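The structure appears below as structure tokens.
Residue numbers (full-length UniProt numbering): 1 to 483.
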């Protein structure tokens with residue numbers, strides 16, 4: 001939230017403050033002066049008519065906001081306040097001087113603003129208070145000062161985030177403990193089922209935050225599962241260890257059938273995967289959907305997880321009840337060729353035949369995989385002449401689907417039998433003559449020795465099929481097809 005709110009203003013501030021260009025009215029020049037001028041210069045400008053409450057044309061910047069963000073001298077801020085600057089002005093993004101001060105200044109400026117009438121608990125259009133802005137920038141003293149000045153500790157913004165949720169996301173254990181001492185609700189749960197504990201588990205790399213929450217009574221069972229969240233989002237293994245040490249279960253499934261290890265395999269880094277396995281997560285756990293952590297990694301296209309899981313003992317050639325292996329999953333989900341290669345290099349059998357008689361190459365062709373994937377399979381030893389149960393080979397399938405000519409060329413260069421006849425007597429040339437839209441495919445088959453005289457079980461030649469193909473009937477290649 002904070003970054004989204006501040007970025008437009010920051011862009012303006014830096015473009016003006018550091019460009020060295022002053023244009024337009026004296027009030028526009030005054031904005032720049034407030035970012036880097038001295039007390040004397042700014043006082044002189046005010047005496048000459050500069051407006052301390054001038055707002056730029058975008059409604060984002062005032063002299064006070066500029067001074068807070070960019071001027072190192074707090075006396076400049078004091079001068080502007082003394083001269084009547086509005087300490088509660090909220091710009092178009094809903095940012096007040098006090099909110100800006102929590103980002104850029106120390107407790108001295110914050111106290112100066114509050115003593116001048118700044119509303120500590122003002123809520124902007126996003127539901128944010130100045131206190132909520134303090135946590136991302138992790139200044140313990142600023143948080144403490146705002147609490148002492150009356151900041152509400154259990155206020156919620158428009159997305160249901162409280163100060164403690166924000167602290168759990170961004171801050172240290174010391175800041176979290178300070179909030180708890182002031183009555184922050186440790187087991188608050190928002191509409192997204194986020195709690196301080198699962199937010200810390202997911203997004204804060206500091207294990208002290210997590211430990212502080214657990215030691216102060218945070219309920220593990222409330223909201224989204226903290227270990228699931230950590231496994232998906234947090235790449236610090238110490239977070240995983242801290243949760244497991246407090247009894248987090250490693251081999252449970254969420255509503256989607258995923259275990260913590262599957263979450264990590266799909267989304268996280270190798271060190272988190274290894275930590276989970278070392279702590280007892282079952283690397284070959286099969287969930288209710290019939291897949292293992294390696295399949296989760298492939299669905300998440302997390303290539304780096306593959307060798308880690310293999311080193312941990314995952315069954316890379318596991319076949320589920322539907323006859324699907326991890327390599328077939330990679331093809332089904334259209335993983336890039338690099339992932340296919342990684343699987344093969346780590347032991348996936350490129351000519352494994354599943355219960356339905358499919359090899360990965362046949363499967364890839366039936367699913368319409370691209371050239372790079374087909375080439376990866378073929379270059380790594382895929383059998384280009386393997387016959388499916390219906391007698392069709394990779395070349396016949398590629399021709400029937402009218403694939404790119406380069407795929408046919410690849411199969412032929414790696415030894416595809418150009419004159420093989422399937423159980424119905426069909427050859428590659430016949431299939432090409434019937435289905436291709438590119439006469440060059442026929443030229444290619446003929447150049448590799450396709451026999452025009454072969455007849456199928458119905459007594460037809462490739463020429464007979466070509467006569468009914470509108471893409472070939474007017475081409476020069478038709479004459480070459482005559483037996």
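Heads up, the beta-carbon is just placed ideally off N, CA and C, and yes, glycines get one too. Predicted model, so just to flag it, every value in this text is computed and none were measured.
Legend entry - residue 442 in three-state terms, based on DSSP: Translated into positions along the chain shown, residue 442 becomes position 442. Three-state result, residue 442: helix.
Inset, instruction - Pick helix, strand or coil for residue 314, following the three-state DSSP scheme. - result: The sequence position of residue 314 within the chain shown is 314, counting from 1. Here residue 314 sits in coil by DSSP.
Inset, instruction - Within the same chain, show all residues whose beta-carbon is closer than 7 Å to that of residue 268, passing over the 5 residues directly before and after it, in chain order. - result: Position 268 of the chain shown, counted from the start, is the residue given in the question as residue 268. Excluding residues within five positions, the ones whose Cβ falls inside 7 Å are 231, 232, 235.
Inset, instruction - Please name the residue in 203, 202, 197 whose C-alpha comes closest to that of residue 213. - result: Counting from 1 along the chain shown, the entry for residue 213 is found at position 213. Per the Cα distances, 197.
Legend entry - Exposure of residue 432, with buried meaning 16 or more beta-carbon neighbours within 10 Å: For this step, residue 432 is matched to residue 432 along the chain shown. Residue 432 should be labelled buried.
Inset, instruction - Could you tell me how far apart the beta carbons of residue 279 and residue 293 are, in whole angstroms, since I believe they sit closer than 8 Å? - result: For the purposes of this step, residue 279 is taken as the residue at position 279 of the chain shown. For the purposes of this step, residue 293 is taken as the residue at position 293 of the chain shown. Contact doesn't hold; Cβ gap of about 14 Å is too wide.
Inset, instruction - Can you give me the Cβ contacts of residue 200 inside the same chain, cut-off strictly under 7 Å, excluding the 5 residues immediately before and after it? - result: Numbered from 1 along the chain shown, position 200 holds the residue referred to as residue 200. Only 168, 209, 210, 213 meet the Cβ criterion.
Legend entry - Beta-carbon proximity check, residue 36 vs residue 65, cutoff 8 Å: Taking the first residue of the chain shown as position 1, residue 36 is located at position 36. Taking the first residue of the chain shown as position 1, residue 65 is located at position 65. No. Outside cutoff.
Legend entry - Own chain residues within Cβ distance below 6 Å of residue 464, not counting five before or after: In the chain shown, counting from the first residue as 1, residue 464 sits at position 464. So no residue of the chain qualifies.
Legend entry - Where residue 176 sits in the DSSP three-state scheme: If you number the chain shown from 1, residue 176 lands on position 176. Looking at residue 176 - three-state DSSP - the assignment turns out to be helix.
Inset, instruction - Starting from the Cα of residue 456, find the closest Cα among 483, 438, 421 and give me that residue. - result: Position 456 of the chain shown, counting from 1, holds the residue named residue 456. Ranking the options by Cα distance to residue 456, first place goes to 421.
Inset, instruction - Assign residue 466 to one of three DSSP states: helix, strand, or coil. - result: Counted from its first residue, the chain shown places residue 466 at position 466. The answer is helix: DSSP assigns residue 466 an H, G or I state.
Inset, instruction - Would you identify the three-state DSSP class for residue 351, choosing helix, strand or coil? - result: Taking the chain shown and counting its residues from 1, the one referred to as residue 351 is at position 351. In the structure shown, residue 351 sits in coil (DSSP, three-state: anything other than H, G, I, E or B).
Legend entry - Secondary structure of residue 388, DSSP reduced to three states: Numbered from 1 along the chain shown, position 388 holds the residue referred to as residue 388. If DSSP states are grouped into helix, strand and coil, residue 388 belongs with coil.
Inset, instruction - Return the CA-CA distance between residue 126 and residue 170, expressed in angstroms with no decimal places. - result: Along the chain shown, read from residue 1 onward, the residue named residue 126 stands at position 126. Along the chain shown, read from residue 1 onward, the residue named residue 170 stands at position 170. Their Cα atoms are separated by approximately 19 Å.
Inset, instruction - Just confirm the distance between the C-beta atoms of residue 361 and residue 386, as a whole number of angstroms; I'd bet it's less than 8 Å. - result: On the chain shown, position 361 is the one that residue 361 refers to. On the chain shown, position 386 is the one that residue 386 refers to. Contact holds; Cβ gap of about 7 Å.
Legend entry - Start-to-end residues for the alpha helix (DSSP H) that takes in residue 128: Along the chain shown, read from residue 1 onward, the residue named residue 128 stands at position 128. From DSSP, residue 128 is part of no alpha helix (DSSP H); its letter is neither H nor E.
Inset, instruction - Please report how far the alpha carbon of residue 173 lies from the alpha carbon of residue 330, in whole angstroms. - result: On the chain shown, residue 173 is found 173 positions in, with the first residue counted as 1. On the chain shown, residue 330 is found 330 positions in, with the first residue counted as 1. Whole-angstrom Cα-Cα distance: 42 Å.
Legend entry - Extent of the continuous alpha helix (DSSP H) to which residue 273 belongs: By 1-based counting over the chain shown, the position of residue 273 is 273. 270 to 278 is the extent of the alpha helix (DSSP H) around residue 273.
Legend entry - Distance between residue 165 and residue 138 (C-alpha atoms, nearest Å): On the chain shown, residue 138 is found 138 positions in, with the first residue counted as 1. On the chain shown, residue 165 is found 165 positions in, with the first residue counted as 1. If you take the alpha carbons of residue 138 and residue 165, they lie about 13 Å apart.
Inset, instruction - Give a yes or no on whether the C-beta atoms belonging to residue 346 and residue 306 are separated by under 8 Å. - result: Residue mapping note: residue 346 aligns to position 346 of the chain shown, counting from 1. Residue mapping note: residue 306 aligns to position 306 of the chain shown, counting from 1. Result yes, Cβ atoms of residue 346 and residue 306 sit closer than 8 Å.
Legend entry - Spatial neighbours of residue 469 in its chain, beta-carbon cut-off 8 Å, leaving aside the 5 residues before and after: Position 469 of the chain shown holds residue 469. Only 433, 434, 435, 436 meet the Cβ criterion.
Legend entry - Spatially closest choice to residue 484 from 142, 297, 423, 252, by CA coordinates: The requested residue 484 does not occur in the structure, where the chain is confined to residues 1 to 483.
Legend entry - Inter-residue spacing [alpha-carbon to alpha-carbon] between residue 359 and residue 325: Position 359 of the chain shown, counting from 1, holds the residue named residue 359. Position 325 of the chain shown, counting from 1, holds the residue named residue 325. Distance between the alpha carbons of residue 359 and residue 325 is about 10 Å.
Legend entry - Chain-order list of residues whose beta-carbon lies under 7 Å from that of residue 223 (same chain, five-residue window excluded): For this step, residue 223 is matched to residue 223 along the chain shown. For residue 223, where only same-chain residues beyond five positions count, the Cβ hits under 7 Å are 189, 193, 194, 195, 198.
Legend entry - DSSP-derived helix/strand/coil call for residue 301: Position 301 of the chain shown, counted from the start, is the residue given in the question as residue 301. Coil, per DSSP.
Legend entry - Whole-Å CB distance - residue 155 paired with residue 129, under 8 Å assumed: One-based indexing of the chain shown puts residue 155 at position 155. One-based indexing of the chain shown puts residue 129 at position 129. Indeed, because the Cβ distance is near 6 Å, the residues count as touching under 8 Å.
Legend entry - Counted within 10 angstroms of its Cβ, other Cβ atoms place residue 38 as buried (16 or more) or exposed: Mapped onto the chain shown, residue 38 falls at position 38. Looking at its Cβ environment, which holds fewer than 16 other Cβ atoms inside 10 Å, residue 38 is exposed.
Legend entry - Spatially closest choice to residue 81 from 131, 430, 111, by CA coordinates: Residue numbering aside, residue 81 sits at position 81 when the chain shown is read from its first letter. Here the closest residue by C-alpha is 111.
Legend entry - Spatial distance of residue 405 from residue 300 (CA atoms): As a working note, residue 405 is residue 405 in the chain shown. As a working note, residue 300 is residue 300 in the chain shown. The straight-line gap from Cα to Cα measures roughly 31 Å.
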